[in-house]
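Here is the structure we will look at.
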Amino acid sequence: MVVFLGWTLLSVCLLVSASQDQKNITAESGQNVTLTCRAPNNIRTVEWSRADLGEKYVFLYRDGRKTTVNQHPSFKDRVDLQDKQMKDGGVSLILNNVTINDTGTYKCRVVETGTLGLKPISIISLSVVDPPGHTGGPEKDGHVGLIVGLLVSGVLIVAAFAGFVIYRKHKGEKSQGSH
Ligand SMILES: *[C@@H]1O[C@H](CO)[C@@H](O)[C@H](O)[C@H]1NC(C)=O
Ligand SMILES: *[C@@H]1O[C@H](CO)[C@@H](O)[C@H](O)[C@H]1NC(C)=O
Ligand SMILES: *[C@@H]1O[C@H](CO)[C@@H](O)[C@H](O)[C@H]1NC(C)=O
Ligand SMILES: *[C@@H]1O[C@H](CO)[C@@H](O)[C@H](O)[C@H]1NC(C)=O
9 MVVFLGWTLL SVCLLVSASQ DQKNITAESG QNVTLTCRAP NNIRTVEWSR ADLGEKYVFL
69 YRDGRKTTVN QHPSFKDRVD LQDKQMKDGG VSLILNNVTI NDTGTYKCRV VETGTLGLKP
129 ISIISLSVVD PPGHTGGPEK DGHVGLIVGL LVSGVLIVAA FAGFVIYRKH KGEKSQGSH
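Count along the sequence shown from 1, then add 8; that gives the number in my numbering.
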């Protein structure tokens, strides 16, 4: 029983850690997105990058402070660490006001104190879409307008037809009466 519980716990932990390594998230443009990353405690450097940006960083923290050296211009004033103290190794990144151009695969890597080399921690695939109704709105209004228009013309046609029939009937009765 205990062994079984142990194995269950172990597999759950493995599953959780595996799903933390690579993650897919979807956001709507205009939203603020949090890219999660938790590193060991002794952090010297934090590097958030995106493969398609080449040498340019999304976010870089080095020598005890963040730096905009080599930051890709599209992230200027739009990114920051969720917890500036990086308490408990939390180096999640907040990306403000995302656009469809922010779609891509983000990597979080850190250098621990006393070590050399970047250690990959998490990979997040972000997909930004335009909110539903953003472009569909006017189209929807157009449909409503069309339906209202059809209803109104339908009512008008029916009224006109009814009026015609009543007129004819009335006229017929009149002519019948006069003869
Ligand atoms: C993320 O999306 C890719 C395809 O876009 C898929 O192959 C992969 O399994 C997904 N991963 C997760 C963890 O959902
Ligand atoms: C995004 O974050 C900024 C700055 O923190 C805030 O002013 C804004 O209201 C947030 N926007 C959304 C959609 O949450
Ligand atoms: C968000 O980005 C859009 C387009 O890039 C811009 O027009 C808008 O002013 C930005 N909003 C904020 C709150 O920065
Ligand atoms: C996305 O990038 C393209 C090309 O760089 C640019 O023309 C467009 O305005 C950008 N769109 C947004 C929403 O920032």
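Backbone N, C-alpha and C fix where the C-beta goes; we use that ideal spot for every residue, glycine too.
Pairwise C-alpha distance: residue j and residue i
{"i": "T53", "j": "C45", "result": "13 Å"}
{"i": "A47", "j": "S57", "result": "15 Å"}
{"i": "K115", "j": "P140", "result": "28 Å"}
{"i": "L124", "j": "V99", "result": "19 Å"}
{"i": "N32", "j": "S135", "result": "8 Å"}
{"i": "K64", "j": "T107", "result": "18 Å"}
{"i": "P81", "j": "Q90", "result": "20 Å"}
{"i": "R70", "j": "S37", "result": "30 Å"}
{"i": "G62", "j": "I51", "result": "24 Å"}
{"i": "R73", "j": "P128", "result": "20 Å"}
{"i": "Q39", "j": "F83", "result": "14 Å"}
{"i": "D138", "j": "I132", "result": "19 Å"}
{"i": "N105", "j": "T121", "result": "33 Å"}
{"i": "V119", "j": "T75", "result": "16 Å"}
{"i": "E55", "j": "L126", "result": "8 Å"}
{"i": "N49", "j": "L68", "result": "17 Å"}
Cβ neighbour criterion (16 or more within 10 Å) applied to residue i
{"i": "V77", "result": "exposed"}
{"i": "Q79", "result": "buried"}
{"i": "S130", "result": "buried"}
{"i": "D110", "result": "buried"}
{"i": "R117", "result": "buried"}
{"i": "V66", "result": "buried"}
Simplified DSSP assignment, three categories, for residue i
{"i": "L81", "result": "The sequence shown places Pro at residue 81, not Leu. Helix, per DSSP."}
{"i": "G62", "result": "coil"}
{"i": "N32", "result": "strand"}
{"i": "D138", "result": "coil"}
{"i": "T53", "result": "strand"}
{"i": "L89", "result": "strand"}
{"i": "L68", "result": "strand"}
{"i": "S37", "result": "coil"}
Residue i, enclosing beta strand (DSSP E) - first and last residue
{"i": "C45", "result": "Element bounds for C45: n/a, residue is neither H nor E."}
{"i": "S100", "result": "It is not in any beta strand (DSSP E) - S100 carries neither H nor E in the DSSP assignment."}
{"i": "G112", "result": "112-120"}
{"i": "R73", "result": "73-75"}
{"i": "V106", "result": "Segment: none, V106 is in no beta strand (DSSP E) and carries neither H nor E."}
8 Å contact criterion, which residue i and residue j should meet: CB distance rounded
{"i": "T42", "j": "I102", "result": "5 Å"}
{"i": "G112", "j": "D60", "result": "6 Å"}
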